[in-house]
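Taking it in order: structure first as structure tokens, then the write-up.
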Amino acid sequence: MADKIQFDLVSPERLLLSEPVDMVTLPGTEGDFGVLAGHAPVLSTLRPGIIDVKGLSSGDMRIFVRGGFAEVNPDKVVVLAEEAIPLAELDAAVLDQRIQNTEEDLAAAKSDAEHDRIASNLTDLKQLRAAL
Amino acid sequence: MPSLKTFRNRIASVKATRKITRAMQMVAASKLKRAQDAAQAARPYAEKMASVISGLAGSMANNPGAPVLLSGSGKDVVHLVIVATADRGLCGGFNTNIVRKARQHIEMLLREGKQVKIFCVGRKGRDQLKRNYNHLIIDTVELAGVKRIGFSNAAQIGRMVLDLYSAGEFDVATIFYARFKSVISQEPIGQKLIPAAIETSATPQTGAVYDYEPDEGEILAELLPRNVSIQIFRALLENAASEQGARMSAMDSATRNAADVINRLTLQYNRQRQAMITKELIEIISGAEAL
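In structure tokens, the structure reads:
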């Protein structure tokens with residue numbers, strides 16, 4: 005494998021992960037994209053979905069994030085996520101609960117923009133639920 | 004003249020108080036450590052967020068399409084004052100200092116003819132502000148039951164603030180909290196939350212030109228509401244650390260004061276005892292002389 009890229013996963017409460025990895029696949033708002041070392045600088049928002057990390061010292065890892073954004077530099081990826089859960093720890097019940105909450109949010113949405121945003125979150129969550 | 008028994012009782016009661024204050028001091032010391040760690044751990048996210056936003060805001064600030072959270076609502080009539088204090092007392096001047104700072108700000112705004120709304124985080128601040136500004140307080144959030152302040156607490160407050168903002172309830176928001184400088188010094192400060200106070204750096208630190216996905220405006224619109232929650236979160240964490248620091252030094256001086264009081268009372272007690280012995284002796288001797 006070629007050079008490694010530094011991957012930082014940061015939540016508001018703490019630094020969750022900071023390690024060189026081979027490749028990261030991020031769920032961008034406008035589509036998933038993979039990042040290898042030497043990637044062009046990108047700033048992207050993330051939709052709720054799964055980050056696929058390959059080549060950690062502890063092997064591969066899949067992490068669920070509930071939105072956030074990513075900053076990509078040629079030698080570094082920084083993901084700021086409000087919530088990140090390793091997929092291994094995520095089960096269907098939690099996700100169902102999350103979907104239910106989002107549906108409630110949707111019903112309570114005030115503006116059209118807010119409605120649209122929550123609706124797209126909901127679709128993402130449902131897709132994820134189906135994939136699990 | 005108080006009897007010996009009252010002295011003994013008072014000494015015992017002050018000793019009990021000293022035990023309590025000493026225990027509180029030690030508890031505060033260990034909580035302080037945890038609060039400081041939490042504040043430290045939250046720093047990378049907040050810093051990253053700030054640097055990304057300042058990079059974006061530089062290009063967006065004068066743009067007519069800039070998000071309202073950045074440019075403001077264009078008015079300066081209604082001010083929201085968020086006062087973050089502790090839920091518990093016994094921490095020296097901590098709560099009072101924050102409230103005093105906030106009160107100065109409120110008085111200034113009222114003098115300028117602005118409308119003020121107060122949003123309290125923490126019970127103590129509300130209790131103190133209720134006396135003069137009860138009609139201005141619109142809401143209170145208590146964090147008494149929360150052991151460790153999580154981002155969800157801050158996000159909840161952030162959402163409430165943003166809802167108020169999008170409903171046009173206020174134009175400018177300022178949050179008051181105590182910045183943690185050191186264990187013995189906490190500085191109450193007011194920080195502008197909306198419109199976002201951002202140091203715009205002329206040159207991006209990285210020097211790299213980013214591709215934006217989606218475009219800059221949309222990213223900024225996504226980030227700014229989050230930034231509000233982050234700033235609140237940061238304020239709450241700083242506040243938590245400051246509270247424990249203030250409590251620690253307050254309890255330290257209370258413990259020392261209790262020791263002083265005990266010494267003084269013990270001295271008085273011994274004098275009194277001696278005086279009584281002397282009195283009895285005089286009585287016996289004068290009785291014997293009279294025979």
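Each protein sequence line maps, in turn, to chains F and B.
Under the working numbering, the first residue of the first sequence carries the number 5, and numbering increases by one thereafter.
Under the working numbering, the first residue of the second sequence carries the number 4, and numbering increases by one thereafter.
Ideal Cβ placement from N, Cα and C applies to all residues, glycine included.
Residue span of the beta strand (DSSP E) that contains residue i, given as start and end
| i | result |
| --- | --- |
| Pro16/F | First-last for Pro16/F: undefined, no H or E at that position. |
| His82/B | Val81 to Ala87 |
| Phe179/B | Val175 to Ser185 |
| Thr49/F | Val46 to Leu50 |
| Ala92/F | It is not in any beta strand (DSSP E) - Ala92/F carries neither H nor E in the DSSP assignment. |
| Asp36/F | Gly35 to Val39 |
| Pro228/B | Here Pro228/B belongs to no beta strand (DSSP E); instead the alpha helix (DSSP H) covers Glu219 to Ala293. |
| Ala74/F | Gly72 to Asn77 |
| Gly193/B | Ser188 to Ile197 |
Separation of residue j from residue i, as counted between CA atoms
| i | j | result |
| --- | --- | --- |
| Glu241/B | Asp130/B | 21 Å |
| Arg121/F | Ile187/B | 46 Å |
| Ala176/B | Val164/B | 9 Å |
| Glu16/F | Ala92/F | Reading off the sequence, residue 16/F comes out as Pro, not Glu. C-alpha separation (whole angstroms): 22 Å. |
| Arg276/B | Leu7/B | 7 Å |
| Asp142/B | Arg182/B | 23 Å |
| Asp263/B | Gln189/B | 27 Å |
| Val76/F | Ala44/F | 7 Å |
| Asp79/B | Val119/B | 11 Å |
| Val144/B | Asp218/B | 36 Å |
| Leu50/F | Pro24/F | 21 Å |
| Phe68/F | Lys18/B | 55 Å |
| Glu172/B | Arg91/B | 30 Å |
| Gly75/B | Val46/F | 28 Å |
| Ala74/F | Phe97/B | 38 Å |
| Ala31/B | Gly59/F | 43 Å |
With 16 other Cβ atoms within 10 Å as the buried cut-off, status of residue i
| i | result |
| --- | --- |
| Arg114/B | exposed |
| Gln107/B | exposed |
| Asp174/B | buried |
| Val231/B | buried |
| Leu72/B | buried |
| Gly71/F | buried |
| Glu286/B | exposed |
| Ile9/F | buried |
| His82/B | buried |
| Lys114/F | exposed |
| Asp64/F | exposed |
| Gly116/B | exposed |
| Pro5/B | exposed |
| Glu246/B | buried |
Chain F within 8 Å of residue i, Cβ atoms only
| i | result |
| --- | --- |
| Glu172/B | no |
| Leu226/B | yes |
| Ile298/B | Past the edges of chain B, shown from 4 to 294, lies residue 298/B, and the structure says nothing about it. |
| Met52/B | yes |
| Glu216/B | yes |
| Ser169/B | yes |
| Gly161/B | no |
| Leu116/B | The residue you asked about is not Leu; residue 116/B is Gly in the sequence shown. Output row for Gly116/B: interface = no. |
| Ala15/B | no |
| Gly77/B | no |
Cβ-heavy atom distance, residue i to the ligand GTP, below 7 Å
| i | result |
| --- | --- |
| Val186/B | Only the bare structure without any ligand can be found here, which leaves the ligand GTP out of the picture. |
Residue i at chain B interface by Cβ criterion, 8 Å
| i | result |
| --- | --- |
| Phe73/F | yes |
| Leu13/F | no |
Unbroken alpha helix (DSSP H) run spanning residue i, endpoints
| i | result |
| --- | --- |
| Ala96/F | Ala96 to Ala112 |
Cβ-based contacts, 7 Å cut-off: residues of the region 33–64 of chain F near chain B: Thr33, Glu34, Ala44, Pro45, Val46, Leu47, Ser48 and Thr49
Chain B contacts from the region 15–31 of chain F (Cβ-Cβ distance under 8 Å): Ser15, Pro16, Glu17, Arg18 and Leu19
The region 76–90 of chain F: positions lying closer than 7 Å to chain B by Cβ: Asn77, Val82, Leu84 and Glu86
Proximal residues, the region 21–47 of chain B versus chain F, C-beta separation under 8 Å: Ala41, Ala44, Ala45 and Pro47
Within 7 Å of chain F by C-beta, residues of the region 136–150 of chain B in sequence order: none
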